[in-house]
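Report on the following structure.
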Amino acid sequence: MEIVTDGNETAGLRVDPALRDFVADELLVGLDLEPAWFWSTVAELHGRFAGRVEQLLRRRDELQERIDGWHREHGTGDVEALEAFLTDIGYLLPLEEPAVRVERVDREIAEVPGPQLVVPATVSRYALNAANARWGSLFDALYGTDALPTEHQPAPGYDERRGAQVITEADRLLDRFFPLVEGSHADVVAYRVPSAGELAVETGSGTTGLADPAQFAGHRPGDGDRPAAVLLRRHGLHLELTIDPSTRVGAQHHAGVSDAVLESAVTTIVDLEDSVATVDGPDKVGAYRTWLGLRTGELTASFSKGGRTVTRTVHGDRSYVGVDGQELTLPGRALLLVRNVGHHMRLDAVRTADGEPLLEEVLDALVSAVAALHELRGHARVSNTRTGSVYIVKPKMHGPDEVALSVELLAAVEEALGLEPTTLKIGIMDEEKRTSTNLEACIARAADRVIFINTGFLDRTGDEIHTDFEAGPVVRKDDQRSQTWLRTYEDRNVDVALRAGFAGQAQIGKGMWAKPAAMREMLDTKGAHPRAGANTAWVPSPTAATLHALHYLETDVLAVQEQTRKRPLADRRGLLVAPVLPDGGAGLTDEEKRHELETNAQSILGYVVRWVGLGIGCSTVPDLEGVGLMEDRATLRISSQQIANWLHHGLVDEAQVRETFARMAAVVDEQNAGEPGYQPMCADLDGSPSFQAALDLVFSGRREPNGYTERALTTWRQRAKATAGSGEEPRTREAVLDDSAPSPAS
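Here the sequence shown stands for residues 1 to 746, numbered as in UniProt numbering.
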């Protein structure tokens with residue numbers, strides 16, 4: 001590392017050269033900011049907040065020790081007694097009645113319900129794909145997934161029988177969401193626009209129109225009154241019917257429609273946290289470069305696909321003629337948020353003069369804001385925000401004091417950059433139990449800048465297991481979904497947010513769909529999220545975003561929120577019901593215990609071997625049955641805590657755990673046999689960093705603060721890189737975030 005100082009050498013930092021060069025040669029170029037100022041600001045922010053962060057982390061540990069002691073004495077105990085105890089030690093705080101008052105919020109967050117993508121910032125091509133996923137081909141999504149049953153084996157290239165199936169389903173959806181006065185969209189032979197505000201629909205039996213004429217939002221001119229595209233709108237989302245009879249699909253379609261392009265990923269979170277593997281300076285630079293390029297609009301990515309070189313760039317906006325005859329411009333990209341790391345993360349790539357690793361969140365916050373400054377000062381090729389706001393999602397905060405510290409950090413960054421107060425908005429991840437139980441107070445601490453609250457149920461489950469560790473052996477992983485605490489958590493998150501005034505100001509989010517290939521199942525089940533009053537929910541791919549957008553066409557979320565706001569507030573005591581097996585797990589058979597151990601061990605190894613060995617932070621990991629499940633550090637936290645808890649309570653022993661991991665290593669090696677650069681674990685289990693990392697996660701799980709996985713992953717990844725060299729490119733499994741389905745509409 002090199003020493004970077006301000007002019008008076010009062011802010012000496014040892015900075016990885018890759019980070020130093022990125023800041024000087026990329027991040028600050030075109031801005032009136034100097035590298036010395038930047039690193040001096042980093043040092044000042046670290047000095048200001050590091051001590052307070054350490055106090056908060058010690059407070060976490062102190063509370064957990066008290067809770068562990070109570071559960072060792074009382075087991076699960078009585079909920080009322082536990083509530084009194086948690087109140088007495090300051091874990092549970094008095095209920096508050098927050099009222100959010102957030103200004104300058106983009107309509108994608110405040111007004112338009114729709115899907116949300118989360119994409120790792122370490123792979124630019126996937127980040128571009130996610131940013132450009134504001135609009136998605138419904139025809140492609142239906143054609144290339146199991147959303148429609150496969151009635152036959154499609155022929156190579158474009159299969160007309162499959163195409164006919166897609167056209168029939170699209171007509172059905174149009175009838176459902178954009179019905180005609182008379183007849184069906186299946187009867188349409190032409191869509192015409194005689195004048196800017198009029199849509200005429202010709203069928204075999206005459207001319208009709210939309211049952212609700214207000215759903216016609218505009219058109220793109222074509223030949224005479226035959227438009228090149230018809231723009232429809234429902235519940236704030238747009239659908240473009242692209243009309244081009246010269247294409248293979250348009251020639252087959254009864255009205256010459258070549259595609260139905262649906263407004264899909266309204267927002268996208270560019271992730272610097274759970275879905276990335278960033279353990280050193282070059283890794284962080286790769287992630288930061290993506291965020292910077294998206295904010296300036298200059299990011300590009302070239303790669304080989306289907307035997308040809310493809311170059312992705314940031315999409316421009318879309319232009320139509322509105323119903324008033326004036327130009328109507330719609331955003332061509334998802335509104336971007338960025339997720340920073342949590343309070344507990346330190347970065348070895350930047351150290352103080354006395355060798356102390358930097359608070360990673362300090363660097364994340366400053367880089368996130370400075371990258372956005374290019375757009376705020378009018379230097380970007382495209383716009384993200386139209387209100388001058390920057391949206392930063394903060395994970396893994398425990399209670400209102402930690403939320404307050406995050407707010408202070410953002411305010412300090414604003415002051416350093418001369419930004420208007422509350423320019424930096426905050427998204428609160430409700431994924432830790434102390435935040436869930438004190439949600440009102442958490443919202444109150446960020447009342448003038450909170451734009452997001454969601455149920456991160458995966459991390460939240462991991463924290464539930466760790467918090468209740470001494471209460472007894474927890475239920476099997478799949479049984480957590482039926483537990484009282486989880487039902488209360490999902491309901492109460494919506495209840496509290498609506499009472500605080502989120503409707504019309506902020507997002508209420510639901511968690512990720514974890515099966516990227518199971519689109520039929522997603523269509524059948526994920527509609528529950530908007531029906532629950534959530535105006536966004538996470539999806540694993542652009543195709544999933546397009547299909548999930550159908551749920552927002554179906555459900556008027558804003559109307560649901562108005563009704564949901566009137567129901568009784570879910571009792572937070574439901575959050576205190578520990579998910580513990582009755583009778584200490586005596587009712588479980590040996591086979592049930594074996595299966596649970598194998599399932600979790602295989603899941604851990606399947607994820608860790610890519611994180612540690614390949615630098616892949618998020619991927620589709622096949623389970624024991626071969627079903628691909630999207631995994632990140634949150635799912636890893638659950639699985640490692642599950643085994644650690646059962647090990648602690650004697651449902652399994654150390655020998656069983658080690659033997660199971662050894663067997664599952666062979667399974668995972670076979671599943672990854674075709675992965676470029678993959679190093680099989682079974683060749684040398686003792687010498688495999690990935691295998692040892694997996695064991696570390698389990699055997700240190702009980703004493704690992706909050707059950708987090710970052711320490712073990714980072715330690716073993718750094719060892720793997722030191723052994724193999726650090727020239728690897730971090731990668732993500734294509735099945736998660738880069739669609740490769742056949743494209744009949746193209």
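No residue lacks a Cβ here, since even glycine has one placed at the ideal position from N, Cα and C.
Item, Value
"Taking E108 as part of the alpha helix (DSSP H), name the residues at either end of that continuous run.", "107-110"
"Would you mind sorting R308 into buried or exposed? The rule is 16 or more other CB atoms within 10 Å of its CB.", "exposed"
"So does the segment 700-712 actually touch the segment 639-647, counting three or more Cβ pairs closer than 8 Å?", "yes"
"For A301, report the span of its beta strand (DSSP E) as first-last.", "300-305"
"Do the segment 610-620 and the segment 430-438 meet, that is, are 3 or more Cβ pairs less than 8 Å apart?", "no"
"When burial is assigned at 16 or more other CB atoms within 10 Å of the CB, is T525 buried or exposed?", "exposed"
"What residue does the alpha helix (DSSP H) around P35 start on, and which one ends it?", "35-74"
"In this structure, how does DSSP classify S275 when only helix, strand and coil are distinguished?", "coil"
"Taking the runs of the alpha helix (DSSP H) that are 4 residues or longer, which of them lie wholly in the UniProt domain \"Malate synthase C-terminal\" (592-673)?", "633-648, 654-671"
"Please name the residue, chosen from K425, E356, G306, that lies closest to G388 on a Cα-to-Cα basis.", "K425"
"So, H548 versus S124, is the Cβ gap smaller than 9 Å?", "no"
"Going by DSSP, what residue range makes up the alpha helix (DSSP H) through Y708?", "First-last for Y708: undefined, no H or E at that position."
"Can you look up G509 in the DSSP assignment and give me helix, strand or coil?", "strand"
"According to the neighbour-count rule (16 or more other Cβ atoms, all chains shown, within 10 Å of its Cβ), is S406 buried or exposed?", "buried"
"Counting C-beta neighbours from all protein chains within 10 Å, is the total for D16 16 or more, i.e. buried, or is it exposed?", "buried"
"Using only CA atoms, which one of V42, F178, R20, G677 lies nearest to L237?", "F178"
"Should S258 go down as buried or exposed, given a rule of 16 or more other Cβ atoms within 10 Å for buried?", "buried"
"The beta strand (DSSP E) that contains F85, what's its start and end?", "No beta strand (DSSP E) contains F85, which is instead part of the alpha helix (DSSP H) from 79-88."
"Have a look at the DSSP bridge pairing and note the partners of W135.", "E263"
"Name the DSSP beta bridge partners of I392, please?", "V338, I426"
"If you drop the 5 nearest sequence neighbours on each side, which residues of the same chain put their C-beta closer than 6 Å to that of G606?", "V621, V668"
"Which of helix, strand or coil does DSSP assign to Q116?", "strand"
"Relative to the alpha-carbon of M345, which residue among D78, C682, E111, E356 has its alpha-carbon at the smallest distance?", "E356"
"L237 bridges to which residues according to DSSP?", "R234"
"State the DSSP-derived secondary structure class of L588, mapped to helix, strand or coil.", "coil"
"State yes or no: is the C-beta of V496 within less than 9 Å of the C-beta of I451?", "no"
"Within the same chain, show all residues whose beta-carbon is closer than 6 Å to that of E361, passing over the 5 residues directly before and after it, in chain order.", "N340, V341"
"Relative to the C-alpha of F139, which candidate in Q165, V118, A127 has its C-alpha closest?", "Q165"
"CA-CA distance, T398 and V310?", "With the sequence shown as reference, residue 398 is identified as His, and Thr is not the correct amino acid for it. Each residue's alpha carbon lies about 44 Å from the other."
"Could you pull out every residue in the same chain whose Cβ sits closer than 7 Å to the Cβ of Q656, ignoring the five residues on either side in sequence?", "L597"
"For the segment 82-94 and the segment 108-126, state whether three or more C-beta atom pairs, one from each stretch, are separated by less than 8 Å.", "no"
"Which residue's Cα is closest to the Cα of I638: E591, I465, L523, G677?", "I465"
"Which residue comes first and which comes last in the beta strand (DSSP E) that contains H219?", "216-220"
"I'd like to know whether the C-beta atoms of A170 and H152 end up nearer to each other than 9 Å.", "no"
"Pull up the distance between the alpha-carbon of A683 and that of A662, whole angstroms please.", "11 Å"
"Express the C-alpha separation of L335 and S541 in angstroms, rounding to a whole number.", "16 Å"
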